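Chains as they are written, first to last, in the working numbering: chain A, 1 to 312; chain B, 1001 to 1277. Some notes on the structure that comes next.
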Amino acid sequence: MLSFLARRFLTLLLTALAASLVIFLVLEILPGDPALVQLGVEADPAAVERLREQLGLNQPAPLRYLAWLGQIVSFDLGESYAYRIPVAGLIAERFAVTLPLALLSLGLSTAIAIPLGMFAAARRNRVGDYGVMTFSQIGMAIPNFWIGILLIIAFTVHRSWISTNFVGWDQSFWGSLEALLLPAVALATTEAAILARVVRSAVLETMREDYVRTARAKGLSGRQVMFRHVLRNALVPIATIVGLQFAFTIAGSIVIEQVFTLPGLGRLLIQSIGGRDLIVIKNVVVLIAIMVVMVNFLVDALYAAIDPRPKD
Amino acid sequence: MLGRMVGHRSFMLGAVLVGILILAGVTSLVWTPYDAARMNVGTPFSPPSLEHWLGTDQFGRDILSRLMQGAMNSITVGLVAVGIGLVFGVPLGLVAAAKGGWVDEGLSRFVDLTFAFPAILTAVMITAILGPGAVNSILAIGIFNIAVFARVSRGAATQVYGREFPKAALALGRSRLDVALRHVLPNISSALIVQATIQFAIAILAEAALSYLGFGTQPPAPSWGKMLLDAQTMIWVDWTQALAPGIAIALAVLGLNLLGDGLRDVLDPRLRVMRVG
């Protein structure tokens, strides 16, 4: 198992490295000189040249790539062109919105989907099952940003029941949490709809196993069989999907933050595109890519821990 | 087969919804009730009426006409993005399954790498380079689809290559290309058709999200996502503007998903469908 994990970890590092290279190359072909963008077209050519020197833009591309990797490892990412503050601090501040939002919505969707999926499996091909599956089909079809807009209409337009104004964790913890609630619900709906189907089929598959029949035969009640044997074994495929959904929740938060004007990573990314703030764009994108591959690795590790049978 | 399709309730519902989507989109190429871009064909914010079935927006433009053109826009993006995925992804998957070894390993790493960039992220980077536009959403969703179809066809083709008939055909002296195209490809077509339907639905959702962000289809071309963005700025004046485009997206995606599930039930109930995005 250790060699499996070591191999997966090596893959993680290589994928993250490849991702950073792709981002670097893609942004490298970007037309436009960052120094010129920062100083304006009418700037003194000598000043532009000084800034190019200062930003390290005169060095060859491979050296700049290596320098960037060094920056990522040391968490010293340089200064944002637009905000004139260190990028690392800026990203950390925005991350403190996006990560709690993603975790809250994943928690919500899992808490909704597992009971719904189990209920549907237990009532297979009966009214309850059809009800859950219909909810799931509708949930998968509705775009989450539209749910966000509808929630804004329902809860803030005619009466302000729930505030969506994010004031910052140090200002008001509960107020900030309240502001994340509606965005998290919007994000969670789609994921819960997908997850409920996965839970249902994982539970149905496990219910066909011999040990489930044995557990029934030795006289355990349906509830005991369901929670002690079925759910525990069905957790492996469920955990895999929840891990995958983390990536899509982070990606989805880019849109949802825009809907609710939450000051998170996604909104930072969108604003940086408007301002051509390349240094912010490349670091936010690489951070998201690294998070996605890291979560995939954690899922593999968890998988190995739950199911000790040797892997391919 | 046809009988089972007609008897399958969710398949039929899906087929009807997708039929309406295509009909609305194709009709918009030759006819819409009003010129979709023209302002003040009705009073701004008029409710649904006999003249304007779905009412008008803040500029007095006819919402039904705009929805119909938006349908064509979604169909185009979906078709091209799924097409890109099929054209590049399926050969990759077939080669990986046929060769195995480091080729297969290499493909898996490529797929992992692509999945590290959800379509929205790719679109953000492409927009940073090329500026906003419909081509961006097509490219971003298409690149993601290459990875999806590569993985699906690799998985299905590996199973087919493990059976006797491809080996027999190779032993009889058929070329590798011949075996891949004549024996393997037809046997993975069910998996591809079902996955293509699902990816079409996901492409419509992604295109809507991207044009909502302002990265996708640019005005004056109507797109459902952009219509929702415009509607959101108007919710204090008339919140009902946010209804029609959202319902249109949801019905189109629902139709394609139901069609995909129904096709799977009819073609091969044991198929595993990948749902990411």
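Yeah, the Cβ is synthetic: ideal placement off N, Cα and C, and Gly gets one too. The structure presented is a predicted model; accordingly, all values stated were derived computationally and were not measured.
Contacts of residue i in chain B (Cβ-Cβ under 7 Å)
i	result
A/Trp68	None at all; the shortest Cβ gap to chain B is about 15 Å.
A/Gly251	The residue asked about is misnamed: residue 251 of chain A is Ala in this sequence, not Gly. Correct list: Pro1118, Ile1120, Leu1121.
A/Ala102	Residues of chain B passing the Cβ test: none, with the nearest at roughly 12 Å.
Proximity test, Cβ basis, 9 Å: residue i and chain A
i	result
B/Val1194	no
B/Ala1157	no
B/Leu1205	yes
B/Gln1199	no
B/Ala1096	no
B/Pro1245	yes
B/Arg1109	yes
B/Thr1127	yes
B/Trp1285	Since the displayed chain B opens at 1001 and closes at 1277, residue 1285 of chain B lies outside it and no answer follows.
Three-state secondary structure assigned by DSSP to residue i
i	result
B/Asp1261	helix
B/Thr1032	coil
A/Thr11	helix
A/Glu53	helix
B/Thr1240	helix
B/Thr1056	strand
B/Pro1091	helix
B/Asp1062	strand
B/Pro1166	helix
A/Glu79	strand
A/Pro143	coil
B/Gly1019	helix
A/Pro86	strand
A/Gln124	Checking the displayed sequence, the identity of residue 124 of chain A turns out to be Arg instead of Gln. It is coil, neither helix nor strand.
B/Thr1122	helix
A/Ile270	helix
B/Ala1037	coil
B/Gln1195	helix
A/Asp129	helix
B/Ala1157	helix
A/Ser201	helix
Below-9 Å beta-carbon distance, residue i vs any chain B residue
i	result
A/Met207	no
A/Ala16	yes
A/Trp161	no
A/Leu150	yes
A/Leu27	yes
A/Phe9	no
A/Phe313	The shown model of chain A, from 1 to 312, leaves out residue 313 of chain A, and the question about it has no answer.
A/Pro143	yes
A/Val132	no
A/Val292	yes
A/Ala6	no
A/Val22	yes
Beta-carbon neighbours of residue i, restricted to chain B and to distances below 9 Å
i	result
A/Gln137	Ser1010, Leu1254, Asn1257, Leu1258, Asp1261
A/Ala247	Phe1115, Ala1116, Pro1118, Val1276
A/Phe227	Chain B residues near A/Phe227: none, gap ~26 Å exceeds 9 Å.
Chain A contact residues for residue i, given Cβ-Cβ distances below 8 Å
i	result
B/Val1124	Ile254, Leu269, Ile270, Ile273, Ile281, Val285
B/Asp1112	Thr11, Thr15, Val293, Asn296
B/Ala1242	Trp146, Ile149, Leu150, Ile153
Contacts of residue i in chain A (Cβ-Cβ under 7 Å)
i	result
B/Gln1232	Ile149
Contacts that residue i makes with chain A (C-beta to C-beta distance below 9 Å)
i	result
B/Ile1249	Ala141, Ile142, Pro143, Trp146
B/Trp1236	Val157
B/Trp1053	Correct list: empty, because the minimum Cβ distance to chain A is about 21 Å.
Per-residue contacts from residue i into chain B (C-beta, under 8 Å)
i	result
A/Ala19	Leu1113, Ala1116, Phe1117
Worksheet item: Between the region 1171 to 1189 of chain B and the region 1245 to 1264 of chain B, do at least 3 Cβ pairs fall closer than 8 Å?
Response: no
Practice prompt. Below 9 Å between beta carbons is the criterion; list the residues of the region 1251 to 1272 of chain B that meet it against any residue of chain A, in chain order.
Written response: Leu1251, Ala1252, Val1253, Leu1254, Gly1255, Leu1256, Asn1257, Leu1258, Asp1261
Worksheet item: Mind listing which residues of the region 255 to 289 of chain A have their C-beta closer than 8 Å to chain B's C-betas, in chain order?
Response: Val255, Gln258, Val259, Leu269, Ile270, Ile273, Arg276, Leu278, Ile281, Val285, Ile288, Ala289
Practice prompt. Decide yes or no for the touch test of the region 1130 to 1142 of chain B against the region 1073 to 1084 of chain B: beta carbon pairs closer than 8 Å, at least 3 of them.
Written response: yes
Worksheet item: Is it a yes or a no for the region 186 to 195 of chain A touching the region 97 to 110 of chain A, going by three-plus beta-carbon pairs under 8 Å?
Response: yes
Worksheet item: According to a CB-to-CB cut-off of less than 7 Å, which residues of the region 1209 to 1230 of chain B neighbour chain A?
Response: Ala1209, Tyr1212, Leu1213, Leu1228
Worksheet item: Using Cβ-Cβ distances below 7 Å, what residues of the region 169 to 198 of chain A are close to chain B?
Response: Ile194
Worksheet item: Does the region 1149 to 1160 of chain B come within contact of the region 1212 to 1228 of chain B, defined as at least 3 CB pairs closer than 8 Å?
Response: no
Worksheet item: In the region 1007 to 1037 of chain B, which residues sit with their C-beta less than 7 Å from some C-beta in chain A, listed in chain order?
Response: none
Worksheet item: Do three or more CB pairs link the region 1066 to 1077 of chain B to the region 1015 to 1035 of chain B at distances below 8 Å?
Response: yes
Worksheet item: Between the region 1122 to 1133 of chain B and the region 1040 to 1056 of chain B, are three or more C-beta pairs nearer than 8 Å?
Response: no
Fill in: Stretch-stretch touch, CB-based, cutoff 8 Å, three pairs: the region 279 to 294 of chain A with the region 12 to 29 of chain A
yes
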